[in-house]
Amino acid sequence: MKLMKWLLAAALLTAANGAALADPKLVEIASFGEHPALNQVAEGFKARMSELGYVEGKDVTYGFQHANFDRSLVPQILQQVEAKHPALILAITTGLNQAAVRGITDKSIPVVFGAVVDPVVAGIVPDWQHGSGWSTGASMLPDFDASFDYLKKVLPEVKKVGTLFNPGEDNDTSNMELIHKAAAKAGIEIVGVPVDNPNDLPQRVQTFAGQVDAIFLIQSNVVQTSVPVVAQVAQRIKLPLFNSVYAPDLKDQLAGFHAISYRKNGEHAADIADRILKGEKPADIAPYVPKGEDFDAYVSPKGLAAVGLTVPEALKDSPWLLK
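Numbering (mature numbering (1 follows the signal peptide of the UniProt record, and there is no 0)) for the sequence shown: -22 to -1, 1 to 301.
The following block contains the structure:
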């Protein structure tokens, strides 16, 4: 009888351990806010995790928190995420990852970043060859050389390009340094106008009138959350507007896009998350640097027509054309 009880207890313990081992891993997704582009990072991440064999509800479950683009809420969001003791955190945007470096105290929880332009300048990782002791991820380092090659094909006579940036954001600072270097090589002058409040955008865009040949928007949170406003003013002052983030709903308002794919950024972040969940250390995984296939180029005939321009003859049959 005692033997039977012992065997039953052992069987129950084994079953319990098996169930525990089978419990899905919790991945918490923390974002600065809900925006179509940032949401694409999360969607790409989850889709790629599924491709890698992580069945949602069985192998992995997801939580999602966002700060509604309110910096004061970020520490609270990170505390809530950490309190759930997830197997891994996907943190989206530069500012949120910088806050995570300081705000998440349990360094045993790995953090994979997405939608970060330059994680080295931002102080998230030590260099481009290594992650930190607890964080690495997929960067969105722009390729402005390719952007200006694209722009010259759409506007062969372009000489001056305006852009908007937030001087208080490391993300924007990195973008501006890179765009100036690429512009110098391309023989283009950059006219940068600072803006730290979305309410100031109409006035700041207006300053480009008569000063530049086109406007090209960098990956700036303060700007990207208000692109429709920028587009309205750009059309009014008859300047073609190009974006580094593809927004299908604005394809008739903008002249075109040379855009990094936020969805692919999420997919690359998932590849890194998979390696970490399988035992690799974040410090041993170099941040992902975008390649040519991570960018998409589009030209909008309607967007050009809205400011009195037409598609160049050389692009009339181009796969870039939006319909």
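In this text, a Cβ means the ideal position worked out from N, Cα and C, and glycines have one as well.
In the same chain as tryptophan 106, and ignoring 5 residues on each side of it, the C-beta atoms closer than 8 angstroms to its own belong to Val98, Ala264, Pro265 and Val267, in chain order. Here tyrosine 276 has Gly234, Phe235, Trp298 and Leu300 as same chain residues with Cβ atoms under 6 angstroms from its own Cβ, once five neighbours each way along the sequence are excluded. The segment 212 to 222 makes no contact with the segment 10 to 22, as fewer than three CB pairs between them are under 8 angstroms. With a 10 Å radius around the Cβ and a threshold of 16 neighbouring Cβ atoms, threonine 114 comes out buried. The beta strand (DSSP E) runs lying completely inside the segment 126 to 185 and spanning 3 residues or more are 138 to 143 and 167 to 172, given in chain order. For lysine 242, the number of other beta carbons within 10 angstroms of its own is at least 16, and it is reported as buried. Glutamine 57 and proline 218 have their C-alpha atoms some 43 angstroms from each other.
Taking a C-beta distance under 9 angstroms as the contact criterion, histidine 13 and threonine 141 do not qualify as a contact pair.
Taking a 10 Å sphere around the C-beta of glutamine 181, we find fewer than 16 other C-beta atoms and assign the residue as exposed.
Cβ-Cβ separation between aspartate 148 and alanine 192: approximately 26 angstroms, too far for a contact (criterion under 8 angstroms). As the crow flies, the alpha-carbon of isoleucine 87 is around 6 angstroms from that of leucine 66. Every alpha helix (DSSP H) stretch that sits fully inside the segment 225 to 263 and reaches 4 residues is listed by chain position as 240 to 255.
Residue pairing from DSSP places lysine 3 in a beta bridge opposite Val38. The beta carbon of leucine 255 sits closer than 7 angstroms to the beta carbons of Lys3, Ala65 and Leu66 from its chain, once the five residues preceding and following it are set aside; these are given in chain order.
A direct Cα-Cα distance of roughly 6 angstroms separates aspartate 272 from isoleucine 238. Sequence-distant partners of phenylalanine 42 (beyond 5 residues in either direction) whose C-beta falls short of 6 angstroms from its own C-beta, in its chain, are Ile7.
The beta carbon of lysine 163 sits closer than 7 angstroms to those of Asp123, all from its chain and outside the five residues before and after it, given in chain order.
With respect to the C-alpha of tryptophan 112, the residue from Asp121, Ser278, Gly31 and Lys259 having the closest C-alpha is Lys259.
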